[in-house]
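Chemist: In this note's numbering, the protein residues as written are 290 to 713.
Yeah, the Cβ is synthetic: ideal placement off N, Cα and C, and Gly gets one too.
My questions will all concern the structure given below.
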Amino acid sequence: MSGQHRSGASGQHRLAPSPEIVRQWRIVRWLVAAVVGSLAFGSWWFVAAADTPSKPPAKSGAMASSMPGGATSAPARTASATLAEPSPTIQPLGTLTLTASGPGHLMAGSDPRDLPRPLLIADEQNNRLVIIDRDGRTMWEFPRKGDLAADQRFKTPDDAYFTPDGKQIIATQGDDNVISVIDIATSKIVYSFGKSGRAGSISDRLFGPDDAMMLPDGDIVASDISNCRIIMIPEGGHAVSRQIGRAGTCQHNPPQTLGSPSGAFPMMNGNYLVSEINGGWVSEMSLSGQVAWSVHLPSVKYITDPNEIAKDRYLTVDYSNPGQVVTFDHTGKVLWRYGPTGEMALNKPSQAMPLPNGNYMVADRGNHRLIILDPHSKAVLWQYGQTGVAGSKPGYLNFPTGMDFLPPDSLLGKHGVTMGKIPS
Numbered sequence: 290m291s292g293q294h295r296s297g298a299s300g301q302h303r304l305a306p307s308p309e310i311v312r313q314w315r316i317v318r319w320l321v322a323a324v325v326g327s328l329a330f331g332s333w334w335f336v337a338a339a340d341t342p343s344k345p346p347a348k349s350g351a352m353a354s355s356m357p358g359g360a361t362s363a364p365a366r367t368a369s370a371t372l373a374e375p376s377p378t379i380q381p382l383g384t385l386t387l388t389a390s391g392p393g394h395l396m397a398g399s400d401p402r403d404l405p406r407p408l409l410i411a412d413e414q415n416n417r418l419v420i421i422d423r424d425g426r427t428m429w430e431f432p433r434k435g436d437l438a439a440d441q442r443f444k445t446p447d448d449a450y451f452t453p454d455g456k457q458i459i460a461t462q463g464d465d466n467v468i469s470v471i472d473i474a475t476s477k478i479v480y481s482f483g484k485s486g487r488a489g490s491i492s493d494r495l496f497g498p499d500d501a502m503m504l505p506d507g508d509i510v511a512s513d514i515s516n517c518r519i520i521m522i523p524e525g526g527h528a529v530s531r532q533i534g535r536a537g538t539c540q541h542n543p544p545q546t547l548g549s550p551s552g553a554f555p556m557m558n559g560n561y562l563v564s565e566i567n568g569g570w571v572s573e574m575s576l577s578g579q580v581a582w583s584v585h586l587p588s589v590k591y592i593t594d595p596n597e598i599a600k601d602r603y604l605t606v607d608y609s610n611p612g613q614v615v616t617f618d619h620t621g622k623v624l625w626r627y628g629p630t631g632e633m634a635l636n637k638p639s640q641a642m643p644l645p646n647g648n649y650m651v652a653d654r655g656n657h658r659l660i661i662l663d664p665h666s667k668a669v670l671w672q673y674g675q676t677g678v679a680g681s682k683p684g685y686l687n688f689p690t691g692m693d694f695l696p697p698d699s700l701l702g703k704h705g706v707t708m709g710k711i712p713s
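Structure (structure tokens):
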């Protein structure tokens with residue numbers, strides 16, 4: 290059989306295809322191969338793309354801008370946390386149930402999850418106290434119409450703390466020279482010390498009080514800045530029963546004299562951290578005046594409100610512009626610092642407190658805002674208030690100076706068992 294004739298499977302002979310048919314078959318085979326190759330390449334690209342991480346979404350809003358001075362922007366978060374209207378907040382507080390609903394009022398880019406519990410704010414120049422939820426919605430406010438008696442006024446609250454039992458708030462009205470205790474359930478002032486608008490150093494007068502705190506038995510401990518003393522007032526009393534320091538002598542020599550004390554914060558061992566504006570001193574001492582140590586912080590121009598955050602680790606702010614937040618030990622060694630410059634600078638921060646998760650809440654008073662800082666990345670995670678813009682409507686503050694967390698995370702709620710009593 291010649292090469293032109295081949296036996297078929299059936300044993301029958303078939304004619305050899307013509308050259309034209311052979312050319313057409315070759316074209317068809319080439320097209321089929323091209324299609325199969327394209328499908329194979331497409332399948333490989335799809336699988337490879339699925340295995341490649343996508344680029345993170347671009348950050349937006351003021352919280353995502355670059356931050357000079359060692360600060361960084363907040364990490365990208367899931368948009369659903371801020372775009373959708375938040376669910377209502379229902380929070381028991383003693384015999385009350387605080388609620389909030391509607392849209393949130395946080396700065397763009399804030400994640401509500403970074404504030405674990407509602408927050409009490411002393412909104413000084415708005416002459417009010419407010420409790421907001423994690424979304425920045427008001428849950429409670431004082432005073433509202435009808436809260437004050439005809440002979441009462443409530444001006445310039447610069448500090449406010451829940452009492453150890455969580456039923457009342459003790460507020461210090463520094464520029465008005467008054468300490469007030471407000472019952473949360475009734476929104477009424479149930480006790481006050483000092484004379485509104487009248488400074489003095491006699492037994493029932495104050496001159497620039499700061500950070501008044503109630504002990505579990507109802508006694509009060511407070512700084513009296515311009516009288517250069519730490520005062521102690523018995524429950525319901527209207528005269529100072531004991532003091533550390535001496536009015537008219539404002540030099541660092543504790544316990545005999547103090548240089549304009551700006552705070553006395555309880556520690557876990559029963560002592561208190563006392564800060565002095567003059568000279569930038571911090572001392573650990575007991576209410577009887579026994580001094581454990583004193584240290585000068587030269588890098589802090591105006592020290593205020595130091596508080597203990599861990600063993601031999603203390604958190605404070607520099608009430609300056611630009612300001613800073615620092616942690617330090619009992620030797621004065623600065624362990625951590627946040628002090629951005631430029632447009633992100635702090636403007637007279639008045640207080641910093643630790644959150645249960647290790648982040649820091651900062652009252653950036655001169656910038657009319659409260660912020661949460663991540664101490665590791667130095668990112669601003671959460672902000673209530675518009676930077677540099679004062680106001681009173683939802684989402685705005687006017688020189689917020691002090692704050693506290695809702696019980697059981699409140700300052701005095703955590704320290705009540707170690708605060709002790711006024712020495713006899």
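1. What number of angstroms, rounded off, separates the C-alpha of glutamine 579 from the C-alpha of aspartate 400?
2. Taking 9 Å as the threshold (C-beta atoms), are leucine 576 and methionine 503 in contact?
3. Report the option in Thr386, Gly383, Leu382, Ser390 whose CA atom is closest to the CA atom of proline 375.
4. Hey, how far is the Cα of alanine 338 from the Cα of glycine 398?
5. Can you tell me which of the three DSSP states asparagine 596 falls into?
6. Sorted by chain position, which residues of the same chain lie with C-beta nearer than 6 Å to valine 470's C-beta, five sequence neighbours on each side aside?
7. In the DSSP assignment, what are the bridge partners of alanine 460?
8. Going by beta carbon distance, what residues of the same chain come within less than 7 Å of serine 291, once the five residues before and after it are set aside?
9. Express the C-alpha separation of aspartate 513 and aspartate 440 in angstroms, rounding to a whole number.
10. Sorted by chain position, which residues of the same chain lie with C-beta nearer than 7 Å to valine 317's C-beta, five sequence neighbours on each side aside?
11. How would you label arginine 433, buried or exposed, when you count the other beta carbons within 10 angstroms and need 16 or more for buried?
12. I need the straight-line Cα distance from histidine 619 to phenylalanine 554, nearest angstrom please.
13. What does DSSP give as the partner residues of tyrosine 649 in its beta bridges?
14. Around the Cβ of glycine 690, are there at least 16 other Cβ atoms within 10 angstroms (buried) or fewer (exposed)?
15. Counting pairs of Cβ atoms below 8 Å between the segment 379-395 and the segment 651-662, do you hit three or more?
16. Can you tell me which of the three DSSP states methionine 521 falls into?
17. By the three-class DSSP mapping on this structure, what secondary structure does threonine 386 have?
18. In whole angstroms, what separates the C-alpha of glycine 631 from that of proline 544?
19. For glutamine 414, which residues from the same chain have a beta carbon less than 8 Å from its beta carbon, with the 5 sequence-adjacent residues on both sides left out?
20. So which of Gln462, Arg442, Glu524 has the shortest CA-CA distance to aspartate 412?
21. Should methionine 557 go down as buried or exposed, given a rule of 16 or more other Cβ atoms within 10 Å for buried?
22. Please confirm whether serine 564 has its beta-carbon closer than 9 Å to some beta-carbon of chain B.
23. Less than 9 Å between the beta carbons of serine 564 and proline 587, yes or no?
24. Is the beta carbon of proline 550 less than 9 Å from the beta carbon of aspartate 499?
25. So which of Gly489, Ala501, Glu524, Pro392 has the shortest CA-CA distance to leucine 700?
26. Would you mind stating whether leucine 495 and tryptophan 671 have Cβ atoms separated by less than 9 Å?
27. Quick one: what does DSSP say asparagine 516 is sitting in, helix, strand or coil?
28. State the DSSP-derived secondary structure class of glycine 709, mapped to helix, strand or coil.
29. Is it buried or exposed, threonine 707, if we count other Cβ atoms within 10 angstroms and call 16 or more buried?
30. Which residue comes first and which comes last in the beta strand (DSSP E) that contains glycine 612?
31. Would you mind sorting isoleucine 519 into buried or exposed? The rule is 16 or more other CB atoms within 10 Å of its CB.
32. Determine whether the beta carbon atoms of aspartate 623 and proline 638 lie at a separation below 9 Å.
33. Go ahead and pull the three-state DSSP assignment for histidine 541.
34. First and last residue of the beta strand (DSSP E) that includes glycine 691?
35. Whole angstroms is fine: what's the gap from glutamate 573's alpha carbon to serine 583's?
Modeler: The answer reads as follows:
1. A direct Cα-to-Cα measurement between glutamine 579 and aspartate 400 gives close to 44 Å.
2. no
3. Ser390
4. Residue placement at alanine 338 is poorly supported in this model, since its pLDDT is 38, which falls under 50; the coordinates still yield a value, given next. Their Cα atoms are separated by approximately 30 Å.
5. strand
6. Gln457, Ile459, Val479, Tyr480
7. Ala449, Ser469
8. With a pLDDT of 39 at serine 291, under the threshold of 50, the modelled position of that residue is not reliable, and the figure given next carries that caveat. Result list for serine 291: empty, nothing under 7 Å.
9. 24 Å
10. Confidence is the limiting factor: at valine 317 the pLDDT is only 46, short of 50, which leaves the residue's position unreliable, though a coordinate-based value still follows. Nothing meets the Cβ criterion.
11. exposed
12. One C-alpha to the other measures close to 15 Å.
13. Pro643, Leu662
14. The question names glycine, yet the displayed sequence has threonine at residue 690. Buried, because 16 or more other Cβ atoms sit within 10 Å of the Cβ of threonine 690.
15. no
16. strand
17. Three-state result, threonine 386: strand.
18. 40 Å
19. Thr445, Ala679, Asn687, Phe688
20. Gln462
21. Around the Cβ of methionine 557, a 10 Å sphere holds fewer than 16 other Cβ atoms; the residue is exposed.
22. The chain inventory of the structure shown lacks chain B, comprising one protein chain alone.
23. no
24. yes
25. When each option's Cα is compared against that of leucine 700, the closest is Ala501.
26. no
27. helix
28. coil
29. exposed
30. First-last for glycine 612: undefined, no H or E at that position.
31. buried
32. Strictly speaking, residue 623 in this sequence is valine, with aspartate absent from that position. Their beta carbons are not under 9 Å apart, which means valine 623 does not touch proline 638 by this criterion.
33. coil
34. Element bounds for glycine 691: 689-694.
35. 7 Å
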